[in-house]
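For the sequence shown, the numbering used here gives the first residue as 49, with consecutive numbering after it. The C-beta atom is built at its ideal place from N, Cα and C for all residues, glycine as well. Following: one structure in structure tokens, then a few remarks.
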Amino acid sequence: MNDKKRLKRIADEKNKLANQKLIALTFDDGPNPTTTPQLLKTLSAAKVPATFFALGKEAQQYPDIIKEESDLGNEVASHTWDHKDLVTLSPAQQKQEIESANQLINKITGKNVTLFRPPYGSYNNSVLCQTDLTAVNWSVDTNDWRYHTSAPVVQNVATYAHDGAIILMHDIHQWSVDAVPQIIQNLKAQGYTFVTVSTLLDIRNGGAKAQQVYFGR
Ligand SMILES: [Zn+2]
49 MNDKKRLKRI ADEKNKLANQ KLIALTFDDG PNPTTTPQLL KTLSAAKVPA
99 TFFALGKEAQ QYPDIIKEES DLGNEVASHT WDHKDLVTLS PAQQKQEIES
149 ANQLINKITG KNVTLFRPPY GSYNNSVLCQ TDLTAVNWSV DTNDWRYHTS
199 APVVQNVATY AHDGAIILMH DIHQWSVDAV PQIIQNLKAQ GYTFVTVSTL
249 LDIRNGGAKA QQVYFGR
């Protein structure tokens, strides 16, 4: 996309979403052949876009799910190939982990998403400098992986949601996916508009910049 088109897109989005409370749901570590399709049905029925930070090794195994995520209007980005803690790797390994997943995902979706999320939110200057992709962490951690029921996941979102938040969940846990209908219902009732991370960064940060790390508000 050229600069002029991009600026027009940002202006259009800003205009449409001006004065709205925005929130970005993000789902890491998938796709999973059981839970991710269920989540996609929920999101689709509610007309809610989300951002998926998928693992390269899982995308390789389930390319059809990646394609469906994208075709339904969600954003799909790299969560690295193999979920290693990037700060423990050599610069060359860091680059390989981040970009191999990005390249595969973009090849499957036919899009050019330039975000990635470092596993465990763990990064340093070397990680950021190995790639032109933009790092995205989160501002609300549901801690969903700790629980085996949906109620605390729903409760954590209700407690910590705020305008501009990036919410961290995992689409590989049944209880997390089961929590999503209630989370969406609650946030809609509070007047939130759901956006992808790229849209959020376009509107609130003037677009995602390379070698930066964003957390939402
Ligand atoms: Zn992860």
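Cβ neighbour criterion (16 or more within 10 Å) applied to residue i
i: Asp118; result: It is Ser, not Asp, that sits at residue 118 in the sequence shown. Ser118 comes out buried.
i: Ser138; result: exposed
i: Gly158; result: exposed
i: Asn150; result: buried
i: Arg165; result: buried
Anticipated Cβ contact below 8 Å, residue i with residue j, distance rounded
i: Thr182; j: Leu163; result: 5 Å
i: Val225; j: Thr83; result: 5 Å
i: Lys143; j: Gln108; result: Not quite, the Cβ-Cβ distance comes to about 18 Å (not below 8 Å), so this is no contact.
Bridge-paired residues (DSSP) for residue i
i: Leu216; result: Thr74, Asp189
i: Tyr240; result: Lys69
i: Thr182; result: Leu163
i: Ser126; result: Ala102, Phe164
i: Val261; result: Ala183
Nearest-angstrom Cα separation, counted from residue j out to residue i
i: Trp223; j: Asp192; result: 8 Å
i: Leu103; j: Leu65; result: 31 Å
i: Gly121; j: Phe101; result: 14 Å
i: Ser126; j: Gly255; result: 18 Å
i: Lys257; j: Leu70; result: 20 Å
i: Thr128; j: Ser148; result: 7 Å
Counting Cβ pairs closer than 8 Å, one from the segment 84 to 92 and one from the segment 49 to 62, do we hit at least three?
-> no
Below 8 Å, can you find three or more Cβ-Cβ pairs linking the segment 112 to 127 to the segment 249 to 264?
-> no
Are at least three pairs of beta-carbons, each pair with one atom in the segment 66 to 82 and one in the segment 217 to 234, less than 8 Å apart?
-> yes
Are the segment 92 to 101 and the segment 229 to 245 in contact at 8 Å, needing three or more beta carbon pairs?
-> yes
When the Cβ atoms of the segment 202 to 209 are set against those of the segment 155 to 172, are three or more pairs found closer than 8 Å?
-> no
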